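S.K.: Mind looking over this structure? Questions follow.
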Amino acid sequence: TKDVKLVSNDDRTTYLRGGAEVTYTTMTITNSNYVWTYRNPYMLEGVASKTAYATRDKALKACAALAACNGVTKEADKKFYLRSGSTPHYAKGRTAYVKGGKAVNYGNYVWTTLSGKKLTGYADKKTYTSRKNAFKACKASTACKGVTKEGTNKFRINSSTTTTVVSGYKAWTKGSATKVSNNYIWTPKAKYQLGTPGKTVYKTKALAAAACAKSSTCTGYTKYG
């Protein structure tokens, strides 16, 4: 577990790399139209393919195309392998990428697709005729946790991420407000700064995000002023 120290400051905005919580056990990335949960030091079990991949992106792309693949493990030999298991187990010197649902980006949120499932509870009494309109309504509602397509041109916004299995339905869970760049999800924390910022100053958010994404120790970046 990595603890990220934040300090209150009304003039700062910090972008945390990974999920929405201040204490991290994971980082989240989007790749090959899927949301992946990164766990370190962890591994996945089960063999989905015997092929060894030299890069993460090639392995994730292959896993995304293979229904039997539920994730990727970077093994001690520094190569990436497709795995059929989806439960990470602690393993020193290894890293795991757990395949989630397909990623949809809308309105600075990442929505994770859940096929054949329905979210429980309704956030309002309206029925929306398009996914875009449902996403827009859900984004504006603090009570909304996601959207379910219940039929042709029939979408409802939901108050819970709890799911039930319903054939023919499709759901999308709403993530935290985010910015997606450099294959990472960045969560803004207004009025906070990182307690231990680096020494290098970057002129743009894009340059700061790119540098942070390349660093194994970077947990986010802070905008001053």
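The working numbering puts the first residue of the sequence shown at 40, with every later residue one more than the last.
We put the beta carbon where it would ideally sit given N, CA and C, even for glycine.
Bear in mind that the values here come from a model prediction, so they are computed numbers and not experimental data.
(1) Where are the beta strand (DSSP E) runs, 3 residues long or more, that stay fully inside the segment 95-138, in chain order?
(2) Taking the alpha carbon of residue 79 as the point to measure from, which residue in 244, 130 and 261 has its own alpha carbon closest?
(3) By alpha-carbon positions, which one of 121, 155, 124 and 262 ends up nearest to residue 241?
(4) Which residues in the same chain as residue 252 place their Cβ atom closer than 6 Å to its Cβ, once the five residues preceding and following it in sequence are excluded?
(5) What separation, rounded to the nearest whole angstrom, lies between the Cα atoms of residue 151 and residue 77?
(6) Starting from residue 72, trace the beta strand (DSSP E) in both directions and tell me its first and last residue.
(7) Under 8 Å, with one C-beta from each stretch per pair, do the segment 186-195 and the segment 161-174 reach the 3-pair mark?
(8) Using the three-state DSSP reduction, which class does residue 153 fall into: helix, strand or coil?
(9) Tell me whether residue 155 is buried or exposed, calling it buried when 16 or more other Cβ atoms sit within 10 Å of its Cβ.
(10) Using DSSP with H/G/I as helix, E/B as strand and the rest coil, what is residue 79?
(11) Could you check where the beta strand (DSSP E) with residue 197 kicks off and where it finishes?
(12) Leaving out five residues before and five after residue 237 in sequence, what residues of the same chain have Cβ atoms less than 8 Å from its Cβ?
(13) Just list the residues that DSSP pairs residue 220 with in beta bridges.
(14) Using C-beta distances below 6 Å, list every residue in its chain close to residue 245, excluding the 5 sequence neighbours before and after it, in chain order.
(15) Go through its chain and collect everything with a Cβ distance to residue 132's Cβ below 7 Å, but skip five positions before and after it.
(16) From residue 60 to residue 117, what does the alpha carbon distance come to, in whole angstroms?
(17) Return the chain-ordered list of same chain residues with a C-beta closer than 7 Å to the C-beta of residue 178, the five sequence neighbours on each side being excluded.
(18) Please identify the residue among 140, 95 and 104 whose C-alpha is closest to the C-alpha of residue 120.
(19) Taking its Cβ as the centre, do 16 or more other Cβ atoms sit within 10 Å of residue 62, making it buried, or is it exposed?
(20) Less than 8 Å between the beta carbons of residue 157 and residue 210, yes or no?
M.R.: Working from what's here:
(1) 110-113 and 119-122
(2) Residue 79 sits at position 40 when you count from the first residue of the sequence shown. With distances taken between Cα atoms, residue 79 lies closest to 130.
(3) Within the sequence shown, numbered from 1, the residue matching residue 241 stands at position 202. Looking at the Cα atoms, 262 is the closest of the given residues.
(4) Sequence index remark: in the sequence shown, residue 252 carries index 213 (1-based). Closer than 6 Å at Cβ, skipping near neighbours: 221 and 223.
(5) The residue labelled residue 151 in the question sits at position 112 within the sequence shown. The residue labelled residue 77 in the question sits at position 38 within the sequence shown. So the two alpha carbons sit approximately 15 Å from each other.
(6) Residue 72 sits at position 33 when you count from the first residue of the sequence shown. From DSSP, residue 72 is part of no beta strand (DSSP E); its letter is neither H nor E.
(7) yes
(8) As a position in the sequence shown, residue 153 is number 114, starting the count at 1. Strand at residue 153.
(9) Reading the sequence shown from its first residue, position 116 is the one you call residue 155. Exposed: under 16 other Cβ atoms inside 10 Å.
(10) As a working note, residue 79 is residue 40 in the sequence shown. It is coil, neither helix nor strand.
(11) Locating residue 197 in the sequence shown gives position 158, counting from the first residue. Looking at the DSSP string, the run of the beta strand (DSSP E) that includes residue 197 is 193-197.
(12) Counted from its first residue, the sequence shown places residue 237 at position 198. Closer than 8 Å at the Cβ level, and outside the excluded window around residue 237, lie 257.
(13) On the sequence shown, residue 220 is found 181 positions in, with the first residue counted as 1. Its beta-bridge partners are 223.
(14) Mapped onto the sequence shown, residue 245 falls at position 206. If we look at residue 245 and ignore the five residues flanking it on each side, it has no Cβ neighbours.
(15) Position 93 of the sequence shown, counting from 1, holds the residue named residue 132. Here the set comprises 80 and 115.
(16) Along the sequence shown, read from residue 1 onward, the residue named residue 60 stands at position 21. Along the sequence shown, read from residue 1 onward, the residue named residue 117 stands at position 78. Any reading at residue 60 is ruled out, since the residue's pLDDT is 35, under 50, leaving its predicted position unreliable.
(17) For the purposes of this step, residue 178 is taken as the residue at position 139 of the sequence shown. Within the same chain, residue 178 has close Cβ partners 146 and 148.
(18) Numbered from its first residue, the sequence shown carries residue 120 at position 81. It is 95 whose Cα lies nearest to the Cα of residue 120.
(19) Looking up residue 62 in the sequence shown gives position 23. With a pLDDT of 34 at residue 62, under the threshold of 50, the modelled position of this residue cannot be trusted, and the question is left open.
(20) On the sequence shown, residue 157 is found 118 positions in, with the first residue counted as 1. On the sequence shown, residue 210 is found 171 positions in, with the first residue counted as 1. Yes, they are a contact pair.
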